[in-house]
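S.K.: As they're listed, the protein sequences go chains U and B. Residue numbers for the first sequence follow the numbering used here, so the first one is 3 and each next one is one higher. Residue numbers for the second sequence follow the numbering used here, so the first one is -6 and each next one is one higher.
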Amino acid sequence: MASIWFWIVAVMVTVYVVLDGFDLGAGAIYLIAAKTDEERRRVLRSIGPVWDGNEVWLLAAGGTLYFAFPQLYASSFSGFYLPLMMVLWLLMLRAIGIEFRAHIDSPVWQQFFDVVFAVSSILLCIFLGAALGNVVRGVPLDATGYFFEPLWTDFKLGPQTGILDWYTVLTGVVALVTLTAHGSHYVALKTDQDLGRRARGFALLLWPVQFFLTCISLVATYFIRPEVMENYGKHSIGLLVPIVVFASLGVMLWATPKGKETIAFVASSLYITGMLVGAAFALYPVVLPARDHQYDLTIYNTSAGIHGLTVGLIWWSLGAILALAYFVFVYRMFRGKVEPGEGHY
Amino acid sequence: MESALLIHRLHFAFTATFHYLFPQLTMGLALLIVVLKTIALRRNDRVYDEAARFWAKIFGINFVLGVVTGIPMEFQFGTNWSVFSRFAGGVIGQTLAMEGMFAFFLESAFLGLFLYGEKRLSPKAHWLSAVAVFVGSWLSGYFIIATDAFMQHPVGYFTASDGSLQLYSFWDFVLNRWALWQYAHNMSGAAITGAFIMTAVGAFYLLAGKWTEHARIFVKVGIVAGCLFSILQVFPTGDRQGKMVTDSQPATLAAMEGLFQGQSSAPLVIMGQPNDQQGKIDNPLQVPGMLSMLTYRRWTAQVRGLDSFPKQDWPGNIPLLYYSYHIMVGLGTFFIAVMVVAAFLLWRGKVFTSRWMLWILMLSAPFPYIANTAGWMTAELGRQPWLVYGLMRTEDGYSKSVSAGNGMFTLLGFMGMYMVLGILGLFLLRREIEHGPVATDFHPATEVK
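(1) Report yes if the C-beta distance between residue 233(U) and residue 283(U) is below 7 Å; otherwise report no.
(2) Would you grab the beta carbon distance between residue 193(B) and residue 354(B) for me? Rounded to a whole angstrom, and I think it's under 8 Å.
(3) Going along chain U, which residues have a C-beta under 7 Å from residue 64(B)?
(4) Can you list, in chain order, the residues of the region 193 to 220 of chain U whose Cβ is nearer than 8 Å to any Cβ on chain B?
(5) Residue 321(B) and residue 364(B) look like a contact to me (Cβ under 8 Å); what is the Cβ gap, rounded to whole Å?
(6) Please classify residue 270(B) as buried or exposed, where buried requires at least 16 neighbouring CB atoms within 10 angstroms.
(7) Suppose contacts are defined by Cβ-Cβ distances below 7 Å. Is residue 289(U) in contact with residue 278(U) by that definition?
(8) Determine, using beta carbons only, whether residue 116(U) comes closer than 7 Å to chain B.
(9) Alpha carbon to alpha carbon, how far is residue 68(U) from residue 78(U)? Give it in angstroms, no decimals.
(10) Output the residue ranges of the alpha helix (DSSP H) runs that lie fully inside the region 188 to 217 of chain B and measure 4 residues or longer, sorted by chain position.
(11) Excluding sequence positions up to five away, which residues of its chain have a Cβ less than 8 Å from the Cβ of residue 46(B)?
(12) Going along chain B, which residues have a C-beta under 7 Å from residue 40(U)?
(13) For residue 201(U), is the classification buried or exposed, using 16 other Cβ atoms within 10 angstroms of its Cβ as the cut-off for buried?
(14) To the nearest angstrom, how far is it from the Cα of residue 361(B) to the Cα of residue 20(B)?
(15) If the cut is a Cβ gap below 7 Å, which residues of chain B does residue 1(U) touch?
(16) Buried or exposed for residue 216(B), going by 16 or more other Cβ atoms inside 10 Å?
(17) Give me the DSSP bridge partner(s) of residue 268(B).
(18) So which residues on chain B does residue 77(U) lean against when the C-beta distance must stay under 9 Å?
(19) Here's the rule I'm using: 16 or more other beta-carbon atoms within 10 Å means buried, otherwise exposed. How should residue 100(B) be labelled?
(20) So what does residue 256(B) bridge to, in DSSP terms?
(21) Whose C-beta lies closer than 7 Å to the C-beta of residue 59(U) among residues of the same chain, with five residues either side of it excluded?
(22) According to DSSP, which residues form a beta bridge with residue 317(U)?
(23) Could you please tell me which residues of the region 368 to 381 of chain B, in chain order, have their CB closer than 8 Å to any CB of chain U?
(24) Verify whether the separation of the beta carbon atoms of residue 97(B) and residue 61(U) is less than 7 Å.
(25) Nearest chain U C-beta to residue 98(B) closer than 7 Å, yes or no?
(26) Give the range of the alpha helix (DSSP H) segment to which residue 146(U) is assigned.
(27) Around the C-beta of residue 264(B), are 16 or more other C-beta atoms found within 10 angstroms, so that it is buried, or is it exposed?
(28) Under 7 Å, Cβ to Cβ, is there at least one residue of chain U near residue 415(B)?
(29) When Cβ atoms are compared, which residues of the region 142 to 166 of chain U fall closer than 7 Å to chain B?
(30) Note down, in chain order, each residue of its chain lying with its Cβ closer than 6 Å to the Cβ of residue 200(B), except the 5 sequence neighbours on either side.
(31) Looking only at its chain, what residues have a beta carbon closer than 7 Å to the beta carbon of residue 230(B), apart from the 5 residues adjacent to it on each side?
(32) Quick one: what's got a C-beta closer than 8 Å to residue 136(B)'s C-beta in the same chain, skipping five residues either side?
(33) Go ahead and label residue 154(B) buried or exposed: buried means 16 or more other beta carbons lie within 10 angstroms of its beta carbon, across all protein chains shown.
(34) In terms of residue numbering, what span does the alpha helix (DSSP H) encompassing residue 87(B) cover?
(35) Please go through the same chain and pick out, in chain order, the residues whose beta-carbon is closer than 8 Å to the beta-carbon of residue 138(B), but skip the five residues on each side of it.
(36) If you follow the beta strand (DSSP E) that residue 53(U) is part of, which residue opens it and which one closes it?
Quick look at the structure:
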């Protein structure tokens, strides 16, 4: 039962990163790809009707994590106290940047909201990547089952790690590049003319960087945690992960210059899925590794009672079907390229 | 009080209090917008449609602020109250996760359609998206109330071998009797906020002689809803809430009412200052026997005072609890008085021209916010010293690994951030009210017959 919930949470986090990833990425290229007010508003209108719903996946994944693994939620959220609070502030600033820009007519303040939106998007990408890096690297849990990480210590991987060290900075940069490329594919898909062309150009430009960083981060991960390979050795199905990751990279390289935007965006989504599922696969059944392995948090020592988890499976399935239906409906409503012209944002 | 405990309590209290300024209007307006849109659809009335569109803009701004200040609430269960989460997460995780799965997805998916999709949707489909947003926001309220109700009155759980609470009966937990009445009371309070704000804006336009056609709709719908919900707020919802506190949290009742000594024919203190050093009310203005009547339905009934309970089980801050409760009740009474008079004038067809009434209605706008805040303070201060009533004390529940210094850092950060949000929100709302329901060159004032 706990295993089912492990994969449910992993899938929800993946859906979150794939969906919110493109609007974060659109924010990351916003200032340079969209030059005029009209172009900026088109970028905002391409994500406007969906960004809030995308972000709900973070909340829903968080709520589900709390429900299924309360002990993990308690330990990790208090341990990652400072970066999480900063994520909250960034989410606030970003929402304001997107939503309130349209309410203020002054070009001066619109520039301000533009920068707020772009900078908070970029920082959130880095934070998300660094968060994943922390989980893969492990944290200084002790016998109490709690820990507290300062933002940084000495940037080395000693026993007392900080949120930021060379490894998590690396994963942060990988996330930034990945999501920026992802956002570029999305903007290329949703807009045309100069804006669409520029977004496609970004996606192409980022491809070698993404490829190079993917290789480096995989090697670095193996270097700092050789045990990540254990599950791959045991279950050959795991070999699908590198196949998907590198195949998607290949498809992106092929589809982007040809203007096959849908295929490129799907490939980018698959790449993210591959990377995240791969990380979850490597960790399982550990949910938060400790620097000292005897204190690892696993699905077994953090999950809620079996009755609660069983009941939850019923309503979760119902909720997931409904959510899926809403998303299909909303994305169909707002399908197609965003036309220049009037409208909100 | 230990400083880390104080910081973590302030952290949650500050962020929760600020947050709830927005959902109460969101939930109240969601209902009233559905009313406006329903009338517009049935009568095919352009002015009602414009009225709904105007309130949708206010709703949109308010909704964004509610969402961004709401996310920290879910996070804080883990960041600041991790020991509590470990203890109770096996039960309350149910409702918190359900809120995401059932309420947030619904709300966020249809909000975009409701706010920006009117041109793409048929009038019926657009009406439906308004209903979906309403249902989503009111569902969300239920899941949060059910979570709080578990902390007030835990049911449907068992204690596992590791000491944590786990779910025993889903339905007992979700349909907690406490949750049902608290929900009714709370949602009625939200509807009052929505109604008073709508009435106040309408009254402002009427006083200023602008958009009077729309303003009459705002005032009419606002007064009808305000009158209905102000009465529901006291009876039956407030009354039943009081009965539950009497039965399940007797020490809380004594502290709320300022009843230091237990007695028969206990008086109801209308005004006066609790003197917790001498254990009495200074300058009391009270109705003899009334408290006995309200709690046990007998004038002579014995009501237990604070002296019946060990001091360590008293709510920690008795004066604040007492004032919160009295402010809530006082304002609730005021709402009924204002709205009943306004409804009478509306019935007589005089309200739109009674300038004194319009002034009162306009100036009353802030009071529902104060009353709702005071109500929540009564509930949460009244629960003290317990975090989960009778099962976990507040001092045991906060994150021991997060120091007071780190807690204060983020508390100050939130204060700064919320100050910016508050100013920005007020500025944008003022701007929308200034712009009015339709463009000013339209001169709707001249159109009124």
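We treat Cβ as the ideally placed atom computed from N, Cα and C, and that holds for glycine. Nothing here was measured: the structure is a model prediction, and the numbers come from that model.
M.R.: In brief:
(1) The criterion of a C-beta distance shorter than 7 Å is satisfied by residue 233(U) and residue 283(U).
(2) With 8 Å as the limit, residue 193(B) and residue 354(B) qualify as a contact, their Cβ atoms being about 6 Å apart.
(3) What residue 64(B) touches in chain U: 61, 90 and 93.
(4) Taking 8 Å as the Cβ-Cβ cut-off, the region 193 to 220 of chain U has no residue approaching chain B.
(5) Right, their Cβ atoms sit about 5 Å apart.
(6) Burial call: exposed.
(7) No, these two residues do not count as a Cβ contact at 7 Å.
(8) Residue 116(U) does not count as touching chain B.
(9) If you take the alpha carbons of residue 78(U) and residue 68(U), they lie about 11 Å apart.
(10) Counting whole runs of 4 or more residues, the region 188 to 217 of chain B contains no alpha helix (DSSP H) stretch at all.
(11) Once the five neighbours on either side are set aside, the close Cβ partners of residue 46(B) are 111 and 430.
(12) Listed along chain B is no residue with a C-beta nearer than 7 Å to that of residue 40(U); the closest approach is about 18 Å.
(13) Burial call: buried.
(14) Answer to the nearest angstrom: the Cα atoms are 13 Å apart.
(15) Limits of chain U in this structure are 3 at one end and 347 at the other, which puts residue 1(U) out of reach.
(16) Residue 216(B) should be labelled buried.
(17) Beta-bridge partners of residue 268(B) (DSSP): 273(B).
(18) The answer, in chain order, is 71, 75, 79 and 394.
(19) When all chains shown are included, residue 100(B) counts as buried.
(20) Answer is 296(B), bridged to residue 256(B).
(21) Closer than 7 Å at Cβ, skipping near neighbours: 14, 17, 18, 21 and 22.
(22) According to DSSP, which records beta bridges pairwise, residue 317(U) is partnered with nothing at all.
(23) For the region 368 to 381 of chain B, the set of residues with a beta-carbon nearer than 8 Å to any beta-carbon of chain U is empty.
(24) Closer than 7 Å, so yes.
(25) Contact of residue 98(B) with chain U is assigned, a C-beta pair being separated by under 7 Å.
(26) Per DSSP, residue 146(U) belongs to no alpha helix (DSSP H) and is neither H nor E.
(27) Flag for residue 264(B) reads exposed.
(28) Taking Cβ atoms only, chain U never reaches closer than 7 Å to residue 415(B), which makes this a no.
(29) Residues of the region 142 to 166 of chain U with a Cβ closer than 7 Å to any Cβ of chain B, in chain order: 148, 149 and 150.
(30) Here the set comprises 351.
(31) The answer, listed in chain order, is 174, 177, 178 and 181.
(32) Cβ within range, chain order: 88, 89, 91, 92, 95 and 96.
(33) A residue is called buried when at least 16 other Cβ atoms come within 10 angstroms of its Cβ; residue 154(B) does not meet this threshold and is exposed.
(34) It spans 75 to 91 - the alpha helix (DSSP H) in which residue 87(B) sits, taken as one unbroken run.
(35) So the list reads 172, 175, 176 and 179, once near-sequence residues are dropped.
(36) Here residue 53(U) belongs to no beta strand (DSSP E); instead the alpha helix (DSSP H) covers 53 to 70.
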